[in-house]
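Undergrad: Its first residue numbered 9, the sequence shown is counted upward by one per residue in this note's numbering. The beta carbon of each residue, even a glycine, is placed where N, CA and C say it ideally should be. Source: prediction; values computed, not measured. Structure in structure tokens, see below.
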Amino acid sequence: MTRRSSTNARAYATGTLYVWILTLVLVWLIFCSPWSIGWTLTLAVLAVLVGISALFVAFQSNRSRRIATQEILADITLPLHNLPAGLLHNTPLVLVAGDAVSLQASFGDTSVRLTDAAIWIRVTEVAQLMYIADALMHWRDGQGPEAIIYLMHTNDPLEQTRLRATLLSFRSAISETSRAIGYRLPTGIAMYLQDNALPSTNNGIWFGATGSEPLKIASVSEHVASALAQYSQFLPPQDAMRRRLGYLTARVDALAQWASSTLLPTMTDQQGRTEQVQLLAFGVTTVTGATARQSAFSRFSATRTGLMQRDTVSSALSLSSHSSSSWPLPDILLPAFPLRLVRPALPATLAHALVWALIFFAGAAAASAWQNRELVQTLHRHVQLYETILPVQDAARVEALTVLKQDRDTLEFHLRTGVPLRLGMGFYQGRTWLSRIDALIAGYTPPAPLPVTIELDSMSLFNSASAVLHPDANRALVSALEMIKSYTDKRVLIAGHSDSTGDSKSNQKLSEERATAVRDWLADASGIPTSRFAIQGYGDTRPKAGNDTAAGRSANRRVEITLVPDCRNQRPPGQMACLFN
């Protein structure tokens with residue numbers, strides 16, 4: 009796979025992930041949303057707009073990053089194009105920053121140095137560190153640089169305050185870079201001790217301290233001294249360095265102490281919001297070069313060792329004298345930096361997709377639990393309302409029963425077609441409630457029908473002021489007789505009424521006598537025992553119309569025959585069997 013196709017693959021993977029997230033959001037809103045249709049549609053439209061915007065921004069960002077990467081990597085990647093992919097991914101890639109003299113002496117006019125141990129990438133400006141690291145990580149298919157090493161030489165004329173400021177800028181750049189590439193970038197410090205009085209160790213001999221854990225600044229000088237002791241044991245007797253071993257030890261030890269007390273704490277102590285650097289390695293080597301007496305290290309060394317140096321060189325002269333790489337790179341520090349694993353786009357995308365799928369299922373489960381809770385509360389409220397309404401309040405019971413029937417229809421629909429996703433996920437309790445609601449609906453008994461009543465005109469039955477049936481009364485009583493025979497389970501209430509002519513007492517007596525006469529006729533004609541009849545005389549107390557007109561008085565003179573339920577078998581102890589009004 010080419011670098012361009014790899015970058016495109018990562019872009020397509022990112023776009024696919026965004027589409028996947030948008031799809032999950034829309035599916036959740038459509039099938040799981042607990043909100044109203046209006047709110048759901050609004051949120052769905054908003055999600056689509058946000059998703060499209062995110063895709064647009066992602067592709068624009070990828071395009072801008074690709075252009076920026078091509079510009080940044082134009083000089084860096086050219087020497088690496090012929091490297092096999094396996095070698096590129098299995099060889100440590102180390103970013104190298106530092107002062108101008110050290111970079112020039114180590115790299116010459118090139119941006120990349122290849123050694124047996126690593127690929128070294130020059131970073132001339134620390135402000136570009138974040139962009140170079142990010143570009144290299146994408147160029148290496150997600151495998152970021154293994155470390156960043158800062159090179160320093162002892163002839164730097166900067167005062168200690170300015171040296172600390174330079175290192176603070178470097179530390180800030182490392183912090184930004186770590187956030188950009190997604191992991192803490194391991195760091196090392198490599199120092200070149202320039203001294204013509206010492207034979208050069210250009211054969212790559214370094215003295216230093218490394219480890220898988222951040223260095224303890226207080227023990228750095230001890231590690232350097234230990235490395236010097238081991239080095240002295242293997243020096244041949246005739247080696248020129250052995251004759252200068254004491255001087256070498258004093259100078260290197262002074263450099264280690266100066267770095268420990270002045271430079272390294274700047275990288276590791278608390279500096280406001282700037283993250284501490286993961287300093288895993290520190291190394292010192294000697295190189296040929298005259299000593300600058302006014303450098304910060306020379307002053308420290310003179311104070312500590314009493315060795316005075318002549319000021320024989322300037323930094324400008326040192327910088328201009330290196331057109332090719334002559335100083336060794338600190339290969340010895342590389343064991344402190346583990347090789348980073350390749351992070352292909354597909355596994356990372358699949359992992360993110362799985363995380364979002366889990367979020368979707370968690371959201372669906374939460375929405376289902378909430379909506380099932382609402383469903384159960386609604387069903388419980390409807391059932392409780394129906395059960396608390398008394399049978400005599402039939403209109404209210406019928407209204408509550410209608411609501412229960414609607415609930416039953418909904419639950420039966422779920423049973424036939426399947427529980428919707430918004431109520432599923434194992435939280436659905438509709439089947440339990442369906443059986444309970446079915447039992448309530450089946451147990452509903454409508455109230456008894458209103459009493460059947462026949463009203464007979466008194467003039468068609470009796471003569472005026474008489475309680476004796478005249479011969480033509482049979483024709484009017486036949487219809488009442490047929491009604492009574494049709495309802496053998498009913499009792500017969502016969503009520504007599506009169507107009508207001510005369511005194512009330514006489515009217516009361518007359519109406520009761522007429523009711524008795526009608527009962528006797530019906531009992532004789534039907535063979536029904538008189539115990540099934542009840543009579544009542546109301547006189548003029550229940551008029552149908554006003555008594556001030558002849559028509560009103562005629563309407564008030566009547567006999568009412570009413571069939572009522574036989575309630576004698578339902579008599580509570582100590583109470584009357586029936587109560588007629």
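(1) Cα-Cα, which of Arg170, Ala141, Tyr255 and Gln68 is closest to glycine 190?
(2) Would you kindly report the start and end of the unbroken beta strand (DSSP E) that includes tyrosine 546?
(3) DSSP three-state call for histidine 89: helix, strand or coil?
(4) Identify the residues that DSSP records as bridge partners of histidine 505: which are they?
(5) Distance, Cα to Cα, glycine 547 vs threonine 410?
(6) Based on Cα-Cα distance, which residue from Leu137, Thr282 and Leu393 lies nearest to alanine 408?
(7) When you compare the CB of methionine 199 with every CB in chain B, is at least one pair closer than 8 Å?
(8) Quick one: grab the DSSP three-state call for lysine 493.
(9) How big is the Cα-Cα spacing for arginine 424 and arginine 444?
(10) Straight-line CA distance for leucine 253 to threonine 270?
(11) Going by CA-CA distance only, name the one from Leu49, Tyr200, Val526 and Ala533 that's closest to valine 35.
(12) With distances taken between CB atoms, is the gap from alanine 344 to leucine 288 smaller than 8 Å?
(13) Judging by CA-CA distance, which residue of Ser177, Thr538 and Leu518 is the nearest neighbour of arginine 527?
(14) Please state the DSSP three-state secondary structure of glutamate 463.
(15) Hey, could you find the ends of the alpha helix (DSSP H) arginine 172 is sitting in?
(16) Can you check DSSP and say which residues form a bridge with tyrosine 452?
(17) Let me know if alanine 82 comes out buried or exposed under the rule of 16 or more other beta-carbons within 10 Å of its beta-carbon.
(18) How is the alpha helix (DSSP H) around tyrosine 239 delimited, first residue to last?
(19) What distance in whole Å lies between the Cβ atoms of glycine 504 and arginine 522, which are believed to be in contact at a cut-off of 8 Å?
(20) To the nearest angstrom, how far is it from the Cα of glycine 23 to the Cα of leucine 366?
(21) Which of the three DSSP states, helix, strand or coil, is assigned to tyrosine 26?
(22) To the nearest whole angstrom, what separates the beta carbons of leucine 102 and alanine 126, a pair I think is in contact under 8 Å?
(23) Taking only the alpha-carbon atoms, compute the straight-line gap between glycine 116 and serine 334 and give it to the nearest angstrom.
(24) For serine 519, which residues of its own chain have a beta-carbon under 7 Å away from its beta-carbon, when the five flanking residues on both sides are left out?
(25) Excluding sequence positions up to five away, which residues of its chain have a Cβ less than 7 Å from the Cβ of alanine 264?
(26) What is the residue span of the alpha helix (DSSP H) that leucine 518 lies within?
(27) Please report how far the alpha carbon of isoleucine 197 lies from the alpha carbon of asparagine 98, in whole angstroms.
(28) Can you tell me whether DSSP reads leucine 206 as helix, strand or coil?
(29) Quick check on tyrosine 20: does DSSP put it in helix, strand or coil?
(30) Can you tell which of Leu431, Gly560, Arg566 and Gln278 has its C-alpha closest to the C-alpha of leucine 485?
(31) Candidates Ser183, Thr257 and Val384: which alpha carbon is nearest leucine 206's?
(32) Can you list, in chain order, the residues of its chain whose CB lies under 7 Å from that of tryptophan 364, leaving out five sequence neighbours each side?
(33) In the DSSP assignment, what are the bridge partners of phenylalanine 345?
(34) If you count every other CB in all the chains shown that lies within 10 Å of the CB of histidine 89, and 16 or more means buried, which is it?
(35) If you run the structure through DSSP and keep just helix, strand and coil, what is lysine 413?
(36) According to DSSP, is leucine 223 part of a helix, a strand, or is it coil?
TA: Let me spell this out:
(1) As a first step, residue 190 is located in the sequence shown; it is residue number 182 there, counting from the start. In this structure, Ala141 is the residue among Arg170, Ala141, Tyr255 and Gln68 with its C-alpha nearest to the C-alpha of glycine 190.
(2) As a working note, residue 546 is residue 538 in the sequence shown. Its beta strand (DSSP E) spans residues 541–547.
(3) Locating residue 89 in the sequence shown gives position 81, where the first residue counts as 1. Residue state for histidine 89 is assigned as coil, using DSSP reduced to three classes.
(4) Start at 1 with the first residue of the sequence shown, and residue 505 comes out as number 497. Note: histidine 505 sits in a beta bridge opposite Gly547 and Arg566.
(5) Here residue 547 refers to the residue found at position 539 when the sequence shown is read from its first residue. Here residue 410 refers to the residue found at position 402 when the sequence shown is read from its first residue. Cα atoms of glycine 547 and threonine 410: separation of roughly 45 Å, rounded to the nearest angstrom.
(6) The sequence position of residue 408 within the sequence shown is 400, counting from 1. Nearest of Leu137, Thr282 and Leu393 to alanine 408, Cα basis: Leu393.
(7) Within the model displayed, chain B is absent; a lone protein chain is all it includes.
(8) Counting from one through the sequence shown, the residue named residue 493 turns up at place 485. Lysine 493 falls in the helix class under three-state DSSP.
(9) The sequence position of residue 424 within the sequence shown is 416, counting from 1. The sequence position of residue 444 within the sequence shown is 436, counting from 1. For the pair arginine 424 and arginine 444, the Cα-to-Cα distance works out to about 18 Å.
(10) Position 245 of the sequence shown, counted from the start, is the residue given in the question as residue 253. Position 262 of the sequence shown, counted from the start, is the residue given in the question as residue 270. When rounded, the distance between both Cα atoms is 25 Å.
(11) The residue given as residue 35 occupies position 27 in the sequence shown. Closest in alpha carbon position to valine 35, among Leu49, Tyr200, Val526 and Ala533, is Leu49.
(12) Residue numbering aside, residue 344 sits at position 336 when the sequence shown is read from its first letter. Residue numbering aside, residue 288 sits at position 280 when the sequence shown is read from its first letter. Yes, the Cβ-Cβ distance between alanine 344 and leucine 288 is below 8 Å.
(13) Position 519 of the sequence shown, counted from the first residue, corresponds to residue 527. The residue from Ser177, Thr538 and Leu518 with its alpha-carbon nearest to that of arginine 527 is Thr538.
(14) Numbered from its first residue, the sequence shown carries residue 463 at position 455. In the structure shown, glutamate 463 sits in a strand (DSSP, three-state: E or B).
(15) Residue mapping note: residue 172 aligns to position 164 of the sequence shown, counting from 1. Judged by DSSP secondary structure, arginine 172 falls within the alpha helix (DSSP H) whose first and last residues are 168–189.
(16) Taking the first residue of the sequence shown as position 1, residue 452 is located at position 444. In the DSSP output, where bridge partners are listed per residue, tyrosine 452 has none listed.
(17) Locating residue 82 in the sequence shown gives position 74, where the first residue counts as 1. Alanine 82 sits exposed, since fewer than 16 C-beta atoms from the chains shown fall within 10 Å of its C-beta.
(18) Locating residue 239 in the sequence shown gives position 231, where the first residue counts as 1. Residue range 228–241 is occupied by the alpha helix (DSSP H) that includes tyrosine 239.
(19) As a position in the sequence shown, residue 522 is number 514, starting the count at 1. As a position in the sequence shown, residue 504 is number 496, starting the count at 1. The pair is a contact, with the Cβ atoms about 4 Å apart (cut-off 8 Å).
(20) To locate residue 23, count along the sequence shown from 1; it is residue 15. To locate residue 366, count along the sequence shown from 1; it is residue 358. In a straight line, the C-alpha of glycine 23 is about 19 Å away from that of leucine 366.
(21) Position 18 of the sequence shown, counted from the start, is the residue given in the question as residue 26. In the structure shown, tyrosine 26 sits in a helix (DSSP, three-state: H, G or I).
(22) Numbered from its first residue, the sequence shown carries residue 102 at position 94. Numbered from its first residue, the sequence shown carries residue 126 at position 118. First, the amino acid is wrong: residue 102 is valine here, not leucine. Between alanine 126 and valine 102 the Cβ distance is about 5 Å, and since that is below 8 Å, they are a contact.
(23) By 1-based counting over the sequence shown, the position of residue 116 is 108. By 1-based counting over the sequence shown, the position of residue 334 is 326. Here the alpha carbon of glycine 116 sits roughly 8 Å from the alpha carbon of serine 334.
(24) As a first step, residue 519 must be located in the sequence shown, where it is residue number 511. Cβ within range, chain order: Gly504, His505, Ser506, Gly545, Tyr546 and Gly547.
(25) Translated into positions along the sequence shown, residue 264 becomes position 256. If we look at alanine 264 and ignore the five residues flanking it on each side, its Cβ neighbours are Val228, Ser229, Val232 and Val292.
(26) Counting from one through the sequence shown, the residue named residue 518 turns up at place 510. Start and end: 512–534.
(27) As a working note, residue 197 is residue 189 in the sequence shown. As a working note, residue 98 is residue 90 in the sequence shown. Looking at the backbone, the Cα of isoleucine 197 and that of asparagine 98 are separated by about 23 Å.
(28) Taking the sequence shown and counting its residues from 1, the one referred to as residue 206 is at position 198. The DSSP-derived three-state label of leucine 206 is coil.
(29) On the sequence shown, residue 20 is found 12 positions in, with the first residue counted as 1. Here tyrosine 20 sits in helix by DSSP.
(30) Walking along the sequence shown from the start, residue 485 turns up at place 477. Closest option to leucine 485, judged by alpha-carbon separation, among Leu431, Gly560, Arg566 and Gln278: Arg566.
(31) Translated into positions along the sequence shown, residue 206 becomes position 198. In this structure, Thr257 is the residue among Ser183, Thr257 and Val384 with its C-alpha nearest to the C-alpha of leucine 206.
(32) The count along the sequence shown starts at 1 and reaches residue 364 at position 356. Taken in chain order, the residues that qualify are Trp28, Ile29 and Leu32.
(33) For the purposes of this step, residue 345 is taken as residue 337 along the sequence shown, with counting starting at 1. Answer is none; phenylalanine 345 lacks a bridge partner.
(34) Within the sequence shown, the letter at position 81 stands for residue 89. By the C-beta density criterion, histidine 89 is exposed, having fewer than 16 other C-beta atoms within 10 angstroms.
(35) For this step, residue 413 is matched to residue 405 along the sequence shown. Looking at lysine 413 - three-state DSSP - the assignment turns out to be helix.
(36) Counting from 1 along the sequence shown, the entry for residue 223 is found at position 215. Coil.
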